[in-house]
Amino acid sequence: MTIKDMGIRETAVVSRVGGEGALRQHFLDMGVIPGAEVTVVKFAPMGDPVELKIHGYELTLRLEDAAKIEVEAVKEKSSVGGKERRVRKTEHPGLGEGGLYHIRSGGAKEEPVTEGKTLTFALVGNQNSGKTTLFNRLTGSNQHVGNFPGVTVDRKDGPIQGYKDTLVTDLPGIYSMSPYSSEEIVSRNFVLNEKPDGIINIVDATNIERNLYLTMQLLEMGVPMVVALNMMDEVTANGGSIDVNAMEAQLGVPVVPVSAAKNEGVAELVDHAVHVARYREKPLRQDFCLEDANGGAVHRCLHAVAHLIEDHAEKAGLPVRFAASKVVEGDRLILSRLMLDKNECETIEHIVLQMEAERGLDRSAAVADMRFAFIQRVCGETVVKPGESRERVRSERIDRFLTGKYTAIPAFIGIMGLVFFLTFNVIGAWLQDLLAMGIDALSALADRAMTAAGVNDVIHGLIIDGIFAGVGSVLSFLPVIVTLFFFLSLLEDSGYIARVAFFMDKLLRKIGLSGRSIVPMLIGFGCTVPAVMATRTLPSERDRKMTILLTPFMSCSAKVPIYSFFIAAFFPKGGWLVMTGLYLLGILWAILIAFLFKGTLFRGEAAPFVMELPNYRMPGARNVAQLLWEKAKDFLQRAFSVILIATIVVWFLQSFDLTLNSASDPENSILAIIAGVLVPVMKPLGLGDWRICTSLISGFMAKESVVSTMEILFGGSIGAVLTPLTAAALLVFSLLYTPCVAAVASVRRELGGKWAVGVVVWQCLIAWCAALLVRVILLLAGVA
Ligand code: GDP
Ligand code: MG
3 MTIKDMGIRE
13 TAVVSRVGGE
23 GALRQHFLDM
33 GVIPGAEVTV
43 VKFAPMGDPV
53 ELKIHGYELT
63 LRLEDAAKIE
73 VEAVKEKSSV
83 GGKERRVRKT
93 EHPGLGEGGL
103 YHIRSGGAKE
113 EPVTEGKTLT
123 FALVGNQNSG
133 KTTLFNRLTG
143 SNQHVGNFPG
153 VTVDRKDGPI
163 QGYKDTLVTD
173 LPGIYSMSPY
183 SSEEIVSRNF
193 VLNEKPDGII
203 NIVDATNIER
213 NLYLTMQLLE
223 MGVPMVVALN
233 MMDEVTANGG
243 SIDVNAMEAQ
253 LGVPVVPVSA
263 AKNEGVAELV
273 DHAVHVARYR
283 EKPLRQDFCL
293 EDANGGAVHR
303 CLHAVAHLIE
313 DHAEKAGLPV
323 RFAASKVVEG
333 DRLILSRLML
343 DKNECETIEH
353 IVLQMEAERG
363 LDRSAAVADM
373 RFAFIQRVCG
383 ETVVKPGESR
393 ERVRSERIDR
403 FLTGKYTAIP
413 AFIGIMGLVF
423 FLTFNVIGAW
433 LQDLLAMGID
443 ALSALADRAM
453 TAAGVNDVIH
463 GLIIDGIFAG
473 VGSVLSFLPV
483 IVTLFFFLSL
493 LEDSGYIARV
503 AFFMDKLLRK
513 IGLSGRSIVP
523 MLIGFGCTVP
533 AVMATRTLPS
543 ERDRKMTILL
553 TPFMSCSAKV
563 PIYSFFIAAF
573 FPKGGWLVMT
583 GLYLLGILWA
593 ILIAFLFKGT
603 LFRGEAAPFV
613 MELPNYRMPG
623 ARNVAQLLWE
633 KAKDFLQRAF
643 SVILIATIVV
653 WFLQSFDLTL
663 NSASDPENSI
673 LAIIAGVLVP
683 VMKPLGLGDW
693 RICTSLISGF
703 MAKESVVSTM
713 EILFGGSIGA
723 VLTPLTAAAL
733 LVFSLLYTPC
743 VAAVASVRRE
753 LGGKWAVGVV
763 VWQCLIAWCA
773 ALLVRVILLL
783 AGVA
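Under my numbering, think of the first position of the sequence shown as 3, with each following residue one higher.
Structure, rendered in structure tokens:
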């Protein structure tokens, strides 16, 4: 029997884990190992994926993957760990009190890091363990956001508040140090190559077993480390407790109970972190394979390999124990870094084969099992688990509605509808008007001041018609973007987005994407810029690229003025039909293109969908505020760099003729001449008019300016130039042609210049073909 065949609420024990490569390692890292107990919680409304409970947390898997995990019926139901034990409250000792830290046996000399050298820390933890919350607590607002070298994964760092000469870097949320996802590689390389002075490992104490799995691997790195047991407020509120001192003794590093959200224990955590880093106190224990466990096969294998590779690891600058575990797991990257000779490789293979035979498990499963066995022992001795946490019960209740069979999709549509309504019609729109008014007032003021001061006409024009009009119009989008991000971060931090990915996965897989791509696509209806930025949360590079290339097909809000303008002029009757039709046409194209991509550029499968469903939690105000500030800053930086330059260029082309004299007639401007080149190209679409071409070019700056440019150039006589037939072609063209500069700039930031140019060319090509198609169809249908 496999998990796929299990019924709802049925419990079974994993007997064999199939699959291969990244997927299989992911299974193991998430705790799906032989001997683990799984319970099926529910199936997504469309029947796939399935939600499971394992090691006390919720995991989702696709049915097709679930079929690779064999299970057998439980013989006797294991008791809920240590329920009968008394809840003890243990005080956590301060620095040095417990006797564990800062012992130098035999009076060995202390070797503190020299004063004045910056102590660097890596903040590592699972997703949703409270990393962002803790990071914001540690650094306050004093942080720097960038990318890790070579990859577009967010890199945030900043000094710890109150400690000069410190720098903490927030690493991507990971579950393991396997080299399978870009996040894992980034985190692992950061620790291996940049050699931080200390690691702050954040552990979600409400889900301690799964979280300690990463801790085991971090301890092997031999870097001074502290464990932050986060969410302790929830643990204690539910009657659970953790014997911190005993856990410390078992792990050999300081363990500090904290609540990042309530700012409890954070100061103590920092004390310990700075202390271990300053005095270079490495974990006292790196060896977790128990001699007596399961015949000791894994223990013997790991130690034999460790001895064998010791000198190579030292030469390669790798921690020995870490390298040994990875070699036993079959990690090729580490193996090649060690530069072993043929004999040594063969010996290792023999040792591993022997272990597999003795242990009855393959190499990766045996190592994962060893880690979980140790964790289980530690938790058995130190953790008193609450029966059922209130947060869990609450989450289940909410999920009955939000991921219920019949309610999930209507609820989703309702929530997204509300978010867009509030963003584009109420809050964001109101703020936008306010800002636009402010910009207008400022621009009028500057206008008057320059007139009064008798500033040169050209400079005057540049500032008012170029910079103020161009940057101002882009700037007025800031409130909408910030409001949209406000709602989306609420949805994300509360845990809802993970659920959306869960129930939309089946649908999106049909076009070669995974459930997580739904979020950027939805944001795309608002604005492509934040949509492209939102793809950073996608786990696979292939999915991310594909999603970025598809988002521009979702009609962004700036295209609404174009639609309304032409509908009012040419299709007064059945306007909403045209409007809906345009939105649907965009989606339809996206689906077609996705199919095309799936068969060509992005062959292969969407990323495996092995995802945790965290409990619903109230997002922290600090986190949200910090995020909004970051997004706003990002947007402003762009508005005053790329967009400013582009605005000046267009203004220049529009204002001067080829002799570089101020153009007396717009038809003589350089822009009109450039647009003239496009006239023959647009002729087949019935759009061979320089004014239309100019408007479309200006739409590259911002889509709204298509309408404003047309109004200036046609002066209200648009009906004389266009017919419903050509208007339809123009609408389709506007729907699909190149995204605006702001969007292209964000594509460039995510994928690089080549892709950005590609998007512009490719979208124009598609738009041209689609517009021609629509024209031909309408002509055949007899529309004149
Ligand atoms: P990340 O995914 O690791 O960055 O986790 P976040 O910092 O975004 O936190 C995930 C959720 O847990 C958010 O809704 C936080 O408000 C919440 N959270 C973080 N720390 C704590 C804590 O100590 N106690 C409680 N009750 N909630 C917390
Ligand atoms: Mg986070």
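By construction, the Cβ of each residue, glycine as well, lies at the ideal position given by its N, Cα and C atoms.
Suppose contacts are defined by Cβ-Cβ distances below 8 Å. Is Arg546 in contact with Leu552 by that definition?
no
For Glu706, which three-state DSSP category applies?
coil
For Tyr177, three-class secondary structure by DSSP
Residue state for Tyr177 is assigned as coil, using DSSP reduced to three classes.
For Pro522, is the classification buried or exposed, using 16 other Cβ atoms within 10 angstroms of its Cβ as the cut-off for buried?
buried
Is Leu67 near Leu30, with beta carbons less than 8 Å apart?
Here residue 67 is Asp; the residue named in the question, Leu, does not match the sequence. Taking 8 Å as the Cβ cut-off, Asp67 and Leu30 do not qualify as a contacting pair.
Alpha carbon to alpha carbon, how far is Ala634 from Asn790? Give it in angstroms, no decimals.
Because the chain here runs from 3 to 786, residue 790 falls outside it and cannot be looked at.
Rounded C-alpha distance that separates Lys119 from Leu737:
Distance between the alpha carbons of Lys119 and Leu737 is about 56 Å.
Does any heavy atom of the ligand GDP sit closer than 7 Å to the C-beta of Glu236?
Yes, the ligand GDP has a heavy atom inside 7 Å of this Cβ.
Cβ-Cβ distance between Glu550 and Val749 below 8 Å
The sequence shown places Ile at residue 550, rather than the Glu named in the question. Yes; because the gap between Cβ atoms is below 8 Å, this pair is in contact.
Could you tell me the boundaries of the beta strand (DSSP E) in which Glu74 lies?
Ile71 to Ala75
Let me make sure I understand the geometry here. Which of Glu614, Phe572 and Asp495 has the alpha-carbon closest to that of Val785?
Selected option, being the one with the closest Cα: Phe572.
In three-state DSSP terms, what is Ser557?
coil
To the nearest angstrom, report how far apart Arg544 and Leu63 are at their CA atoms.
20 Å
Element boundaries [alpha helix (DSSP H), containing Asn247]:
Val246 to Leu253
Run the CB neighbour count on Ser143, radius 10 Å, all protein chains shown included, and call it buried at 16 or more, exposed below.
exposed
Can you determine whether any heavy atom of the ligand GDP sits closer than 7 Å to the C-beta of Met184, and answer yes or no?
For the record, residue 184 in the displayed sequence is Ser; it is not Met. No.
Can you tell which of Asp273, Gly58, Glu706 and Ile694 has its C-alpha closest to the C-alpha of Ser719?
Across the set Asp273, Gly58, Glu706 and Ile694, the C-alpha of Ile694 shows the shortest separation from the C-alpha of Ser719.
Assess, as a yes-or-no matter, whether the stretch 583-590 is touched by the stretch 553-561 under the definition of 3 or more beta carbon pairs within less than 8 Å.
yes
Identity of the residues DSSP links to Ser243 by a beta bridge
Val386
Using the DSSP secondary-structure output, state which residues sit across from Ser664 in a beta bridge.
As a beta-bridge residue in DSSP terms, Ser664 pairs with Phe658.
Delimiting residues of the beta strand (DSSP E) encompassing Pro259:
For Pro259, the enclosing beta strand (DSSP E) covers residues Val257 to Pro259.
Cβ shell of Val734 (< 6 Å), same chain only, five flanking positions each side left out
Ala772, Ala773 and Val776
Could you tell me which uninterrupted alpha helix (DSSP H) segments, each at least 4 residues in length, are contained entirely in the stretch 263-297, listed from first to last along the chain?
268-280
Over the uninterrupted beta strand (DSSP E) stretch that includes Ile204, give me the two end residues.
Gly200 to Asp206
Which of the three DSSP states is assigned to Asn458 in this structure?
DSSP places Asn458 in coil when its eight states are reduced to three.
Do Ala279 and Leu480 have their C-beta atoms within less than 8 Å of each other?
no
Quick check: is any heavy atom of the ligand GDP less than 7 Å from the C-beta of Met233?
yes
Would you call the stretch 245-265 and the stretch 404-421 in contact, with 3 or more CB pairs under 8 Å?
With the cut-off at 8 Å, the stretch 245-265 and the stretch 404-421 do not touch.
Tell me whether Asn625 is buried or exposed, calling it buried when 16 or more other Cβ atoms sit within 10 Å of its Cβ.
buried
Please say whether Lys44 and Ile10 have beta carbons closer to each other than 8 Å?
Cβ distance < 8 Å, so Ile10 and Lys44 count as in contact.
The alpha helix (DSSP H) spanning Asn130 covers which residue range?
Element bounds for Asn130: n/a, residue is neither H nor E.
Host alpha helix (DSSP H) of Gly721 (start-end):
Ile720 to Val723
Keeping to the same chain, check which residues put their C-beta closer than 7 Å to that of Ala248; ignore five residues upstream and five downstream.
The beta carbon of Ala248 lies closer than 7 Å to those of Glu383 and Thr384 in the same chain, with the five residues before and after it left out.
Could you check whether Gly127 and Val205 sit closer than 8 Å to each other, using their CB atoms as the reference points?
yes
Taking C-alpha atoms, which residue in Gly472, Gly267 and Ser178 lies nearest to Lys328?
Ser178
Pick out whichever of Ala443, Leu493 and Pro563 has its Cα sitting closest to the Cα of Pro621.
Each of Ala443, Leu493 and Pro563 was checked against the Cα of Pro621, and the nearest Cα belongs to Leu493.
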